[in-house]
Amino acid sequence: MSSLFSPDAAGGLSVGDAQRAGSAAAHAAAVRRRERRAQWHLVFLAVFVLGPLVAYPLARLVLLSLAGAHGLSLHAYTAFFGNPESRGVIGTTLWILFVSAGLASVLGVALAAILFFRPFPGARLVTRFLELFVAFPSFLVAFTLIFLYGSQGSVSIALQRLLHRDAPPLDFLFGIGGVILAEVVFYAPFVVRPTLAAFALLDMRLVEAAKSLGASGWMVAARVILPLAWPGIAAGTILCFLLTFNEFGILLVLGSAHLVTLPVAIYSSATVDLDLPTAAAGAVVMLAMSLSLYALYRRVDRRAQRRTADGR
Amino acid sequence: MAVNPDHISLPKHPRARPVTRALAPRIASGVLLALAALLCVWLFVLPVAVVALSSVASHWSGTIFPDGFSMRWFERLGSSDFDAVVTSIEVGFGVAVLGTALGLWLALALEGRDRRGVGALVDLLAMVPNGVPSVVLGLAVLIAYHKAPLDLSSSAAIVVFVQLALVLPFCYRCASAALRPELTVLREAAASLGAPPSMVLRRVVLPQLVPAIRASLALGLALSLGELGATLTVYPPGFATVPIVVVGEVERGYYLPASALSLILLLVSLAALVLIAARAPRRAAD
Numbered sequence: 066m067s068s069l070f071s072p073d074a075a076g077g078l079s080v081g082d083a084q085r086a087g088s089a090a091a092h093a094a095a096v097r098r099r100e101r102r103a104q105w106h107l108v109f110l111a112v113f114v115l116g117p118l119v120a121y122p123l124a125r126l127v128l129l130s131l132a133g134a135h136g137l138s139l140h141a142y143t144a145f146f147g148n149p150e151s152r153g154v155i156g157t158t159l160w161i162l163f164v165s166a167g168l169a170s171v172l173g174v175a176l177a178a179i180l181f182f183r184p185f186p187g188a189r190l191v192t193r194f195l196e197l198f199v200a201f202p203s204f205l206v207a208f209t210l211i212f213l214y215g216s217q218g219s220v221s222i223a224l225q226r227l228l229h230r231d232a233p234p235l236d237f238l239f240g241i242g243g244v245i246l247a248e249v250v251f252y253a254p255f256v257v258r259p260t261l262a263a264f265a266l267l268d269m270r271l272v273e274a275a276k277s278l279g280a281s282g283w284m285v286a287a288r289v290i291l292p293l294a295w296p297g298i299a300a301g302t303i304l305c306f307l308l309t310f311n312e313f314g315i316l317l318v319l320g321s322a323h324l325v326t327l328p329v330a331i332y333s334s335a336t337v338d339l340d341l342p343t344a345a346a347g348a349v350v351m352l353a354m355s356l357s358l359y360a361l362y363r364r365v366d367r368r369a370q371r372r373t374a375d376g377r
Numbered sequence: 002m003a004v005n006p007d008h009i010s011l012p013k014h015p016r017a018r019p020v021t022r023a024l025a026p027r028i029a030s031g032v033l034l035a036l037a038a039l040l041c042v043w044l045f046v047l048p049v050a051v052v053a054l055s056s057v058a059s060h061w062s063g064t065i066f067p068d069g070f071s072m073r074w075f076e077r078l079g080s081s082d083f084d085a086v087v088t089s090i091e092v093g094f095g096v097a098v099l100g101t102a103l104g105l106w107l108a109l110a111l112e113g114r115d116r117r118g119v120g121a122l123v124d125l126l127a128m129v130p131n132g133v134p135s136v137v138l139g140l141a142v143l144i145a146y147h148k149a150p151l152d153l154s155s156s157a158a159i160v161v162f163v164q165l166a167l168v169l170p171f172c173y174r175c176a177s178a179a180l181r182p183e184l185t186v187l188r189e190a191a192a193s194l195g196a197p198p199s200m201v202l203r204r205v206v207l208p209q210l211v212p213a214i215r216a217s218l219a220l221g222l223a224l225s226l227g228e229l230g231a232t233l234t235v236y237p238p239g240f241a242t243v244p245i246v247v248v249g250e251v252e253r254g255y256y257l258p259a260s261a262l263s264l265i266l267l268l269v270s271l272a273a274l275v276l277i278a279a280r281a282p283r284r285a286a287d
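Taken in order, these protein sequences are the chains called A and B. Here the numbering used here is used: the first residue of the first sequence is 66, the next is one more, and so on. Here the numbering used here is used: the first residue of the second sequence is 2, the next is one more, and so on.
Encoded structure:
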């Protein structure tokens with residue numbers, strides 16, 4: 066036994082140690098070098114790809130909105146918001162946002178709950194279809210609603226015949242009602258998908274345990290499912306608000322005649338009045354609002370993902 | 002001790018849920034489900050059906066169903082309409098390919114580094130277009146590139162440029178979601194066996210990412226074909242994509258020609274999506 070610990074062997078070990086330490090140092094140096102190269106790679110990407118693509122245009126936008134004849138000025142902002150046509154434009158935009166995104170979220174969560182907990186025949190098909198629906202352009206949804214709910218549309222004419230009226234009963238489409246309807250139809254599927262994903266991560270044993278202990282359906286929904294799936298549902302809802310706020314096609318097709326909203330006002334002052342600084346002022350305000358919504362979304366989404374990672 | 006199962010009487014718990022529900026609640030829940038299914042079809046399937054139906058209608062206004070069917074709206078599509086279709090497809094493929102390549106590059110460069118320091122900043126920059134309204138991004142790009150030093154405002158490149166910025170977050174997320182830790186092990190194994198980085202990229206990483214690349218191409222194409230806000234803000238004179246033409250026709254009240262053109266757009270994008278994504282393995286779809 067003791068021969069194993071002879072001075073010879075110990076000396077050999079120390080040489081091995083030195084070699085090993087040397088190779089570890091070389092390895093650590095190589096790792097550091099690689100990490101430094103990766104950092105430079107990222108800097109290169111930021112400066113030469115994302116800079117011209119994202120950062121530089123947005124910076125120019127902010128600068129132009131603040132540029133006056135003599136240095137900084139807020140003249141463009143007063144021009145944009147002082148215009149009698151666009152007075153109250155932020156209020157209108159936010160009102161439409163809250164009503165339509167709120168309704169779309171409620172509808173989306175309810176649909177997802179039915180599809181997940183009470184699947185009817187063809188529910189899988191509906192889920193697939195809702196996934197495809199996301200690739201459907203939003204202005205097309207607004208356009209098809211003209212055929213259905215416009216004053217000469219099929220639903221309107223059918224109601225007229227049913228109620229024996231002289232004039233078509235529906236005349237709400239080119240205005241706030243039509244915009245809200247189109248946005249609810251288009252954005253509810255965007256809530257269904259994240260909500261389904263949140264439900265799929267639920268531990269169904271908890272639901273069954275609650276049911277076997279005598280909880281009613283509503284109680285299970287309110288006390289078990291909702292608290293567990295809440296982060297995912299919240300992320301989906303905030304995403305729906307963000308997308309609805311950024312919507313343009315529906316507002317252009319159904320709202321551009323009677324309804325002045327922020328994106329349409331920006332678009333018309335940029336391309337109809339050809340007044341880029343004024344348009345930039347409106348765009349900066351809209352940018353600030355949508356980026357704060359986006360920051361909120363990122364926070365909530367990160368938290369939801371951390372929770373699912375912990376849960377696994 | 003054979004027990005006839007028919008004669009086992011369960012102990013009666015006064016608060017236990019009955020196994021078979023009464024007829025009335027069953028009918029009520031059935032009616033509720035039917036209503037939900039009807040609502041789904043009404044809200045989401047009907048709009049798609051209406052595009053198809055109206056494009057073959059000879060006349061549809063003031064009636065519940067179209068008066069008659071004809072192909073005349075397709076026959077009347079002019080060369081400018083077909084030019085718009087070709088332009089849309091060209092721009093769409095350009096945006097999809099460029100966006101996928103850039104997204105892949107970003108995802109590989111940022112793998113495991115997107116939480117701290119420079120990496121977090123680059124990740125944020127790449128994702129920011131997700132939170133920017135398309136009109137605002139279009140206006141920003143127009144302001145930045147409409148005069149010297151770099152004037153793109155009279156070429157189609159500015160449309161590709163602005164759509165690329167809009168599509169990039171989706172492509173980047175597609176690629177980075179596919180770089181899962183369990184796949185990293187294979188890459189490290191190949192590298193430790195002496196494969197040079199280019200070989201690892203070619204033989205291990207890219208084959209692993211094929212489903213993600215397909216999904217990213219399909220997503221980029223679909224988003225680009227339907228993009229309206231940013232394109233409408235920046236498009237140069239003499240250039241038009243299908244959405245621009247369709248919206249112009251809708252605003253002037255030419256509904257039926259507009260639906261013929263939109264049906265062509267939908268069919269083209271569906272065909273492209275099927276071509277790109279259909280042969281992807283099942284796992285990528287789920």
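Think of the CB as a built atom: it goes at the ideal place given N, C-alpha and C, for glycine as much as any other residue.
Name, in chain order, the residues that DSSP records as bridge partners for residue i.
i, result
"Gly-81 (chain A)", "None, per the DSSP bridge assignment."
"Gly-136 (chain A)", "A:Gly-133"
"Ala-58 (chain B)", "B:Phe-70"
Helix or strand or just coil, what does DSSP make of residue i?
i, result
"Ala-207 (chain A)", "helix"
"Leu-278 (chain A)", "coil"
"Phe-313 (chain A)", "coil"
"Ser-270 (chain B)", "helix"
"Phe-182 (chain A)", "helix"
"Tyr-255 (chain B)", "coil"
"His-106 (chain A)", "helix"
"Phe-146 (chain A)", "helix"
"Tyr-236 (chain B)", "coil"
"Phe-163 (chain A)", "helix"
"Gly-113 (chain B)", "coil"
"Ala-232 (chain A)", "coil"
"Leu-184 (chain B)", "helix"
"Arg-77 (chain B)", "coil"
"Thr-242 (chain B)", "coil"
"Thr-326 (chain A)", "coil"
"Ser-199 (chain B)", "helix"
"Tyr-146 (chain B)", "coil"
Give the straight-line distance between the Cα atoms of residue i and residue j, rounded to the nearest whole angstrom.
i, j, result
"Leu-352 (chain A)", "Ala-53 (chain B)", "37 angstroms"
"Ser-357 (chain A)", "Gln-370 (chain A)", "20 angstroms"
"Phe-70 (chain B)", "Ala-247 (chain A)", "27 angstroms"
"Phe-66 (chain B)", "Leu-224 (chain A)", "13 angstroms"
"Asp-84 (chain B)", "Glu-91 (chain B)", "10 angstroms"
"Pro-296 (chain A)", "Arg-368 (chain A)", "7 angstroms"
"Leu-169 (chain B)", "Gly-279 (chain A)", "50 angstroms"
"Leu-184 (chain B)", "Val-96 (chain A)", "21 angstroms"
"Arg-101 (chain A)", "Gly-227 (chain B)", "41 angstroms"
"Tyr-121 (chain A)", "Pro-328 (chain A)", "21 angstroms"
"Tyr-142 (chain A)", "Val-246 (chain B)", "32 angstroms"
"Asp-231 (chain A)", "Tyr-255 (chain B)", "26 angstroms"
"Thr-326 (chain A)", "Leu-105 (chain B)", "37 angstroms"
"Leu-238 (chain A)", "Leu-47 (chain B)", "17 angstroms"
"Glu-252 (chain B)", "Phe-194 (chain A)", "29 angstroms"
"Lys-276 (chain A)", "Ile-290 (chain A)", "12 angstroms"
"Val-51 (chain B)", "Phe-201 (chain A)", "13 angstroms"
"Ser-10 (chain B)", "Ala-175 (chain A)", "The pLDDT assigned to Ser-10 (chain B) is 43, lower than 50, so where the model puts this residue is not dependable; a value taken from the coordinates is nonetheless given after this. Using only the alpha carbons, I get a separation of about 39 angstroms."
"Leu-210 (chain B)", "Leu-187 (chain B)", "13 angstroms"
"Lys-13 (chain B)", "Gly-282 (chain A)", "For Lys-13 (chain B), the predicted structure reports a pLDDT of 48, less than 50, and the residue's modelled location is therefore unreliable. A value from the coordinates is still provided. Those two C-alpha atoms are separated by around 22 angstroms."
"Ala-273 (chain B)", "Arg-189 (chain A)", "23 angstroms"
"Ala-94 (chain A)", "Ala-103 (chain A)", "14 angstroms"
Which bits of chain A does residue i rub up against, with CB to CB less than 8 angstroms?
i, result
"Asp-242 (chain B)", "Inspection of the sequence shows that residue 242 (chain B) is occupied by Thr rather than by Asp. Per Cβ cutoff of 8 angstroms: no residues; Thr-242 (chain B) is ~11 angstroms from chain A at best."
"Tyr-256 (chain B)", "Phe-208, Ile-211, Phe-212"
"Phe-66 (chain B)", "Ser-219"
"Val-142 (chain B)", "Pro-122"
In chain B, which residues lie with their C-beta within 7 angstroms of the C-beta of residue i?
i, result
"His-106 (chain A)", "Ala-110"
Taking residue i and residue j to be in contact with their CB atoms under 8 angstroms, please state how far apart those CB atoms are, rounded to whole angstroms.
i, j, result
"Leu-172 (chain A)", "Ala-141 (chain B)", "Going by Cβ atoms, the distance from Leu-172 (chain A) to Ala-141 (chain B) rounds to 33 angstroms, so no, they are not a contact pair."
"Ala-348 (chain A)", "Val-137 (chain B)", "4 angstroms"
"Leu-115 (chain A)", "Leu-126 (chain B)", "4 angstroms"
"Leu-129 (chain A)", "Ile-144 (chain B)", "5 angstroms"
"Ala-176 (chain B)", "Ala-231 (chain B)", "Incorrect: roughly 22 angstroms between the Cβ atoms, too far for contact."
"Tyr-252 (chain A)", "Leu-317 (chain A)", "Contact flag wrong, Cβ pair sits at about 16 angstroms."
Just the chain A side, please: which residues come within less than 7 angstroms of residue i by C-beta, in chain order?
i, result
"Trp-61 (chain B)", "Phe-212"
Taking residue i as the query, report the chain A residues whose CB atoms sit under 9 angstroms from its CB, ordered along the chain.
i, result
"Leu-122 (chain B)", "Leu-107, Ala-111"
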